[in-house]
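Numbering (the working numbering), first residue to last: 6 to 121.
Where is the CB? At the ideal position from N, CA and C, for every residue including glycine.
Please read the structure below before turning to the comments.
Take a look at the structure:
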């Protein structure tokens, strides 16, 4: 199954801590039988509404293939980490995976010719 994980970390993280947090969750995925297909650290972004009195957060988006039981283990790690403000795991269907690949490789993501 293909999944996308979006994590918002607290904005007070240093660059080293942010990179360490990225590696930590990538390693959790790999150690539990998952395969990372894409890693996209967005960096510091404004939040739509304050979370824990913070108006910005450090975003990270990971795409991965994994057995579904991995997500429960991942959620436990995310909930235990005090640097995580919010997280969301989304199951991607084959069309979302194709769209993300086209978008990443500079092909027009809205192209109608790619639909089968």
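To which residues of the same chain is residue i closer than 6 Å at the C-beta, ignoring the five residues directly before and after it?
| i | result |
| --- | --- |
| residue 24 | none |
| residue 68 | 9, 42 and 43 |
| residue 91 | 13 |
| residue 37 | 75 and 78 |
Looking at the strands, I want to know which residues DSSP matches up with residue i.
| i | result |
| --- | --- |
| residue 64 | 13 and 48 |
| residue 93 | 11 |
| residue 40 | 70 |
My understanding is that residue i touches residue j, with C-beta atoms under 8 Å, so please give their C-beta distance in whole angstroms.
| i | j | result |
| --- | --- | --- |
| residue 93 | residue 11 | 5 Å |
With a threshold of 7 Å on Cβ separation, who are the neighbours of residue i within its own chain once the five nearest residues in sequence on each side are excluded?
| i | result |
| --- | --- |
| residue 49 | 16, 61 and 63 |
| residue 35 | 41 |
Measure the C-alpha to C-alpha separation of residue i and residue j and round it to an integer number of angstroms.
| i | j | result |
| --- | --- | --- |
| residue 39 | residue 53 | 31 Å |
| residue 20 | residue 100 | 34 Å |
Can you list, in chain order, the residues of its chain with a C-beta nearer than 8 Å to that of residue i? Leave out the 5 residues immediately preceding and following it.
| i | result |
| --- | --- |
| residue 82 | 29, 30 and 33 |
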